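Number of protein chains: 2
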Amino acid sequence: MRIGIIGTGNVGITIATKLVELGHQVKVGSRNSGNEKAVAFVAENGANASEGTFADAAAFGEVNFNCTKGGASLEALRMAQAKNLNNKVLIDVSNPLDSASGMPPSLLISNTNSLGEEIQKEFPAALVVKTLNTIWCGLMVNPRQLSESHTIFMCGNSDEAKSTTKKILKEFGWMDEEILDLGDITNARGTESYLPIWLRIYLTTKTGAFNIKIVQ
Amino acid sequence: MRIGIIGTGNVGITIATKLVELGHQVKVGSRNSGNEKAVAFVAENGANASEGTFADAAAFGEVNFNCTKGGASLEALRMAQAKNLNNKVLIDVSNPLDSASGMPPSLLISNTNSLGEEIQKEFPAALVVKTLNTIWCGLMVNPRQLSESHTIFMCGNSDEAKSTTKKILKEFGWMDEEILDLGDITNARGTESYLPIWLRIYLTTKTGAFNIKIVQ
Numbered sequence: 164m165r166i167g168i169i170g171t172g173n174v175g176i177t178i179a180t181k182l183v184e185l186g187h188q189v190k191v192g193s194r195n196s197g198n199e200k201a202v203a204f205v206a207e208n209g210a211n212a213s214e215g216t217f218a219d220a221a222a223f224g225e226v227n228f229n230c231t232k233g234g235a236s237l238e239a240l241r242m243a244q245a246k247n248l249n250n251k252v253l254i255d256v257s258n259p260l261d262s263a264s265g266m267p268p269s270l271l272i273s274n275t276n277s278l279g280e281e282i283q284k285e286f287p288a289a290l291v292v293k294t295l296n297t298i299w300c301g302l303m304v305n306p307r308q309l310s311e312s313h314t315i316f317m318c319g320n321s322d323e324a325k326s327t328t329k330k331i332l333k334e335f336g337w338m339d340e341e342i343l344d345l346g347d348i349t350n351a352r353g354t355e356s357y358l359p360i361w362l363r364i365y366l367t368t369k370t371g372a373f374n375i376k377i378v379q
Numbered sequence: 164m165r166i167g168i169i170g171t172g173n174v175g176i177t178i179a180t181k182l183v184e185l186g187h188q189v190k191v192g193s194r195n196s197g198n199e200k201a202v203a204f205v206a207e208n209g210a211n212a213s214e215g216t217f218a219d220a221a222a223f224g225e226v227n228f229n230c231t232k233g234g235a236s237l238e239a240l241r242m243a244q245a246k247n248l249n250n251k252v253l254i255d256v257s258n259p260l261d262s263a264s265g266m267p268p269s270l271l272i273s274n275t276n277s278l279g280e281e282i283q284k285e286f287p288a289a290l291v292v293k294t295l296n297t298i299w300c301g302l303m304v305n306p307r308q309l310s311e312s313h314t315i316f317m318c319g320n321s322d323e324a325k326s327t328t329k330k331i332l333k334e335f336g337w338m339d340e341e342i343l344d345l346g347d348i349t350n351a352r353g354t355e356s357y358l359p360i361w362l363r364i365y366l367t368t369k370t371g372a373f374n375i376k377i378v379q
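So the sequence lines, in the order shown, correspond to chains A and B.
Residues 164 to 379, numbered by my numbering, are exactly what the first sequence covers, in order.
Residues 164 to 379, numbered by my numbering, are exactly what the second sequence covers, in order.
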């Protein structure tokens, strides 16, 4: 599959690298083409890896990932352009963290709204699926590194888009029973509001390589 | 130990009943003495159970629990009176849910502040410990009903108060390694912000008898 990655930070490059490993064709996009991390990604990942602008990546992708910092996501997606996002799955892994608020960061949007919803509102024809935003990027693409099973949340308005997303999650190593579909995109209020406790568990346990498991 | 329970809703009565079972003397407090649920609690729980106003319960307790609805907690604690709360552990299990916001409710305070902190600010001599607010009340006092171990968060400014709280949690059945001390009371921002995802897991799985386990 052709996949566009919007954002060339750690999250974007981690996901892009895994997708190439899995045999997909991946174009990573940054504000400008020729971004240093994007060029390094291409150099290390062979013929299925390419790079360009946000718009280049989104136009290339049959499925796109939003891997930008939450505070910059809407601007980056505007640069990617609606016409390149429309009628395609847009997997949103971002969190609206306020990087100016110190450690642990607070959220720029919270509780009565979410970045996932803001993205869906601004790009109504994109098929936004919020997932993977509740864990460290190393775990997103390698969930089997933990000692037991754990839970990943997913939400979005399109069942077909969630089905496509689930296939990709399973390629990453997630098991069917670990993927919890919470419903429509308003449930991003739940998964984004989880960040304040994630950050505090991280600061207490001193590792990002953790996740939560729902126990009944 | 003499324990005061501020609030006679399901949470307050569930905790009060368990504490009497464990051999403690418990006074539950409501807005007015003679509250129907409080009177029923006393009738069913023998000589170690008593009831009265918020102030009666707080004056009685060597340790007090805030089991009121979050939106009414500060008012209830004002009625309980600072002099009855000062220099005592105040275990705050409340959540600032906006009951007027529909299902799932949103939070009245979120992310950059917390009800736990507001309580500590208004009653600076009370030893506020936030805990148990991340689970259904039936599980608070009977954690061993789930199929495996799971995690309960605790935070507060006084190590001694947290130590007392931990002893009570262990009497309820929590294991040492399940109790995660996140640090000072500002960490209530994390545990209260967890409610939006808790509510959505609850609505998806259709049971409140669940909790999260941290998996590494």
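Just so you know, even glycine gets a beta-carbon here, dropped at the ideal spot from N, CA and C.
If you're wondering where the values come from, they're calculated on a predicted model, not measured in any experiment.
Using CA atoms only, rank isn't needed, just tell me which of the options is closest to residue i.
{"i": "B/Ala222", "options": "B/Val252, B/Arg307 and B/Gly234", "result": "B/Val252"}
{"i": "A/Ser193", "options": "A/Ser213, A/Thr171 and A/Lys329", "result": "A/Thr171"}
{"i": "B/Thr297", "options": "B/Leu182, B/Ile375, B/Phe204 and B/Ile169", "result": "B/Ile375"}
{"i": "A/Glu341", "options": "A/Leu185, A/Gly353, A/Ser356 and A/Met317", "result": "A/Met317"}
{"i": "B/Asn250", "options": "B/Leu237, B/Glu225 and B/Ser262", "result": "B/Glu225"}
{"i": "B/Glu311", "options": "B/Ser264, B/Ala289, B/Glu199 and B/Ile377", "result": "B/Ile377"}
{"i": "A/Phe204", "options": "A/Lys190, A/Asn195 and A/Ile315", "result": "A/Lys190"}
{"i": "B/Ser326", "options": "B/Leu343, B/Ile168 and B/Ala206", "result": "B/Leu343"}
{"i": "B/Lys293", "options": "B/Phe228, B/Glu334, B/Pro287 and B/Ala235", "result": "B/Phe228"}
{"i": "A/Ala400", "options": "A/Asn274, A/Leu270, A/Ser277 and A/Gly319", "result": "With chain A covering 164 to 379 only, the question about residue 400 of chain A has no answer from this structure."}
{"i": "A/Asn198", "options": "A/Gly233, A/Leu366 and A/Gly215", "result": "A/Gly215"}
{"i": "B/Pro268", "options": "B/Ile169, B/Tyr365, B/Asp219 and B/Ala206", "result": "B/Tyr365"}
{"i": "A/Val304", "options": "A/Val291, A/Ile331, A/Ser321 and A/Asp322", "result": "A/Ile331"}
{"i": "B/Asn211", "options": "B/Asn195, B/Phe217, B/Arg165 and B/Leu248", "result": "B/Arg165"}
{"i": "A/Asn247", "options": "A/Ile169, A/His187 and A/Ala179", "result": "A/Ile169"}
{"i": "A/Gly234", "options": "A/Val202, A/Tyr357, A/Gly279 and A/Lys200", "result": "A/Gly279"}
{"i": "A/Asn195", "options": "A/Ala324, A/Phe217 and A/His187", "result": "A/Phe217"}
Does the CB of residue i have a neighbour CB from chain A at under 7 Å?
{"i": "B/Phe373", "result": "yes"}
{"i": "B/Asn350", "result": "yes"}
{"i": "B/Lys190", "result": "no"}
{"i": "B/Leu185", "result": "no"}
{"i": "B/Asn173", "result": "no"}
{"i": "B/Lys232", "result": "no"}
{"i": "B/Lys246", "result": "no"}
{"i": "B/Lys376", "result": "yes"}
Taking CB distances under 7 Å as the criterion, tell me whether residue i reaches chain B.
{"i": "A/Gln283", "result": "no"}
{"i": "A/Gln379", "result": "yes"}
{"i": "A/Leu345", "result": "yes"}
{"i": "A/Gly167", "result": "no"}
{"i": "A/Gly353", "result": "yes"}
{"i": "A/Lys251", "result": "no"}
Report buried or exposed for residue i, applying the criterion of at least 16 other Cβ atoms within 10 angstroms of its Cβ.
{"i": "B/Arg307", "result": "exposed"}
{"i": "A/Thr231", "result": "buried"}
{"i": "A/Gly209", "result": "exposed"}
{"i": "A/Met266", "result": "exposed"}
{"i": "B/Ser262", "result": "exposed"}
{"i": "A/Met338", "result": "exposed"}
{"i": "B/Lys369", "result": "exposed"}
{"i": "A/Gly167", "result": "buried"}
{"i": "A/Thr275", "result": "exposed"}
{"i": "A/Ser277", "result": "buried"}
{"i": "A/Gly353", "result": "buried"}
{"i": "B/Ser264", "result": "exposed"}
{"i": "A/Asn173", "result": "exposed"}
{"i": "A/Asp219", "result": "buried"}
{"i": "A/Ala206", "result": "exposed"}
Next on the checklist: Tell me whether the stretch 257-268 of chain A and the stretch 237-253 of chain B touch, counting them as touching only if at least three CB pairs, one residue from each stretch, are closer than 8 Å.
Outcome noted: no
Checklist entry - Residues in the stretch 301-333 of chain B with C-beta within 9 Å of chain A's C-beta atoms, listed in sequence order? => result Residues of the stretch 301-333 of chain B with a C-beta less than 9 Å from any C-beta of chain A: Leu309, Ser310, Glu311, Ser312, His313, Thr314, Phe316 and Cys318, listed in chain order.
Checklist entry - For the stretch 355-368 of chain B, which residues have a CB atom closer than 9 Å to at least one CB atom of chain A, in sequence order? => result So the list reads Glu355, Ser356, Tyr357, Leu358, Pro359, Ile360, Trp361, Leu362, Arg363, Ile364, Leu366, Thr367 and Thr368, given in the order they occur along the chain.
Next on the checklist: Closer than 8 Å is the cut-off here; do at least three beta carbon pairs connect the stretch 283-299 of chain A with the stretch 364-379 of chain A?
Outcome noted: Yes: at least three Cβ pairs fall under 8 Å.
Item to check | chain A contacts from the stretch 264-296 of chain B (Cβ-Cβ distance under 7 Å) | outcome: Residues of the stretch 264-296 of chain B with a C-beta less than 7 Å from any C-beta of chain A: Ser269, Leu270, Ser273, Asn274 and Thr275, listed in chain order.
Next on the checklist: If contact is defined by three or more beta carbon pairs under 8 Å, each pair taking one atom from either stretch, is the stretch 346-353 of chain B in contact with the stretch 278-298 of chain A?
Outcome noted: no
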